[in-house]
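The listed protein sequences correspond, in order, to chains A and B. Numbers 1 to 143, taken from the UniProt record's numbering, label the letters of the first sequence in order. Numbers 1 to 147, taken from the UniProt record's numbering, label the letters of the second sequence in order. Where is the CB? At the ideal position from N, CA and C, for every residue including glycine. Since the model is a prediction, treat every value here as computed from it, not as a measurement. Here's the structure, in C-alpha cells; my notes come after.
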Amino acid sequence: MSLTAKDKSLVKSFWSKVGGKADDIGAEALGRMLVVYPQTKTYFSHWSDTSPGSAPVRQHGKTVMGALNQAVGKIDDLVGGLSALSDLHAFKLRVDPGNFKILSHNILVALAVNFPADFTAEVHVAVDKFLAAVSAALADKYR
Amino acid sequence: MVEWSDFERSTIQNIFANMDYDVVGPKALARCLVVYPWTQRYFGNFGNLYNAAAIMGNPMVANHGKVVLHGLDRAVKNMDNIKATYAELSVLHSEKLHVDPDNFRLLADCLSIVVAAQMGTAFTADVQAAFQKFLAVVVSSLGRQYH
Chain A
1 MSLTAKDKSL
11 VKSFWSKVGG
21 KADDIGAEAL
31 GRMLVVYPQT
41 KTYFSHWSDT
51 SPGSAPVRQH
61 GKTVMGALNQ
71 AVGKIDDLVG
81 GLSALSDLHA
91 FKLRVDPGNF
101 KILSHNILVA
111 LAVNFPADFT
121 AEVHVAVDKF
131 LAAVSAALAD
141 KYR
Chain B
1 MVEWSDFERS
11 TIQNIFANMD
21 YDVVGPKALA
31 RCLVVYPWTQ
41 RYFGNFGNLY
51 NAAAIMGNPM
61 VANHGKVVLH
71 GLDRAVKNMD
81 NIKATYAELS
91 VLHSEKLHVD
101 PDNFRLLADC
111 LSIVVAAQMG
121 TAFTADVQAA
131 FQKFLAVVVS
141 SLGRQYH
C-alpha cells in the first residue's frame, strides 16, 4: 500500500496545519496509548510517571513527533531516511513492531480530537498510510 | 463475563445518550469505506463509491451507517450480556453476509475516531479506554459464531 503523490501532498499540507501543536499531539498520543493499551507501559518501566501530561510523557511525545516531522520531509524515501532510527529500534529498543500500529492509532485519535474539521476521511487515509510506511521503515532492520 | 467498572458503564451510557446516531453512523461507515477501501467489497450494489466525495455523499451508505449504529444500541442496553445479544447477528454476518470479522475491528477504529472528533477534549484517555473496551466486546461477540 504505497504512498501516492496525492497521499504525500495531503500529508504535507495537513502536517503544516498541525504546525506548532505537533509536540502537544505527540504527548497526547503517547499519554492515550499508555492508558488505553497498558501493556505498552512495559517499555517505560524506567519512568517515574507514565500518566498523561507527566514530564517524561511530554518529553518523549516531543521526541517522537520531532522524528515524524523529519519523516514528512523524507517521505520519498522513508526506509533510507529512517535508517538510523530503524537501527535504534531494532538493536537497542527492540520494541515489538505490533506497538507501532498501536501508537499510530493513538496519533490518529489525537489528530481527530484536535483537528476535527481538517482531519477529513481523505486526510485520515493518507496519514494512516504514512504512519504505516513509517512503521515499516522503523521495522526494516529487525530481522 | 465482562466486568465493567462504574466509570465504564456510565461513560458508555453517556456517550450513546449524547450521540446523534443518524450523524455518527453515516460518518463512521463512510470513513471506513474511504480509509479501508477493501471493505467496499461488501457493498457492490450501493452505487457510486468511486471516490471519497461520492462515498461521503452516498445515500445508501448513510442509511446503512444508521442501521449499524442503531444495531450498537442493543449492546449499550445489554452490557452484561453482549455475547448472547449478538449471537443472531453474528450468525447473520457469518452465514449470510460472509463478512471477514477483521472488518468489524476496522469499523470500530473508524467509529472511535469519529466519536473522538465529535467529543473533542471530552474524549479523554480514560473515556477512550472505556469506549474501545466496549467496542472490543462488540467486535468479539459479532465474530463469536463464525466457524
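Query: If you draw a straight line from the C-alpha of valine 23 (chain B) to the C-alpha of alanine 30 (chain B), how long is it?; Result: 11 Å
Query: Check distances from the C-beta atoms of the UniProt domain "Globin" (3-147) of chain B to those of chain A and list, in chain order, the residues that come in under 7 Å.; Result: Ala30, Arg31, Val34, Val35, Ala52, Met56, Asp109, Ser112, Ile113, Ala116, Ala117, Gly120, Thr121, Phe123, Ala125, Asp126, Gln128, Ala129 and Gln132
Query: Got a sec: which bits of the region 32-43 of chain A sit with their beta carbon under 9 Å from any beta carbon on chain B, in order along the chain?; Result: Arg32, Met33, Leu34, Val35, Val36, Tyr37 and Pro38
Query: By Cβ distance below 8 Å, which residues in the same chain neighbour aspartate 73 (chain B) in space, the five residues on each side in sequence not counted?; Result: Phe16 and Tyr21
Query: In the DSSP assignment, the alpha helix (DSSP H) including glutamate 122 (chain A) goes from what residue to what residue?; Result: 121-138
Query: Got a sec, what are the start and stop residues for the alpha helix (DSSP H) glutamate 3 (chain B) sits in?; Result: It is not in any alpha helix (DSSP H) - glutamate 3 (chain B) carries neither H nor E in the DSSP assignment.
Query: Would the beta-carbon of aspartate 125 (chain A) fall within 9 Å of that of valine 72 (chain A)?; Result: Here the sequence assigns valine to residue 125 (chain A), which means aspartate is not the residue at that position. The answer is no: Cβ separation not under 9 Å.
Query: If we count the other Cβ atoms within 10 Å of its Cβ and call it buried at 16 or more, is glutamine 70 (chain A) buried or exposed?; Result: exposed
Query: Run through chain B and tell me which residues come within less than 8 Å of aspartate 7 (chain A), C-beta to C-beta.; Result: Neighbours of aspartate 7 (chain A) on chain B: none; closest Cβ ~12 Å, over 8 Å.
Query: Applying the criterion that 16 or more other CB atoms from any shown protein chain within 10 Å of the CB defines a buried residue, is tryptophan 38 (chain B) buried or exposed?; Result: exposed
Query: Give a yes or no on whether 9 Å exceeds the smallest Cβ distance from valine 64 (chain A) to chain B.; Result: no
Query: Which residues mark the beginning and the end of the alpha helix (DSSP H) in which phenylalanine 134 (chain B) is found?; Result: 125-143
Query: Looking only at its own chain, which residues have a Cβ that is under 7 Å from the Cβ of valine 35 (chain A), when we skip the five neighbours before and after it?; Result: Pro52
Query: From A:Leu30, A:Gly80, A:Asp23 and A:Leu3, pick the residue whose C-alpha is nearest to that of asparagine 99 (chain A); which is it?; Result: A:Leu30
Query: Aspartate 7 (chain A) to methionine 1 (chain B), Cα distance in whole Å?; Result: 43 Å
Query: Count the other CB atoms, across all protein chains shown, that sit within 10 Å of the CB of phenylalanine 7 (chain B); report buried if there are 16 or more and exposed otherwise.; Result: exposed
Query: Report all residues from its chain with a CB closer than 7 Å to the CB of leucine 138 (chain A); omit the five preceding and five following residues, and keep chain order.; Result: Leu82, Leu85, Ser86, His89 and Phe100
Query: Rounded to whole angstroms, what's the CA-CA distance from asparagine 45 (chain B) to aspartate 109 (chain B)? Just pull it up for me.; Result: 24 Å
Query: Give every residue of the same chain whose Cβ lies closer than 6 Å to the Cβ of phenylalanine 44 (chain A), excluding the five residues on either side of it in the sequence, and list them in chain order.; Result: Thr50
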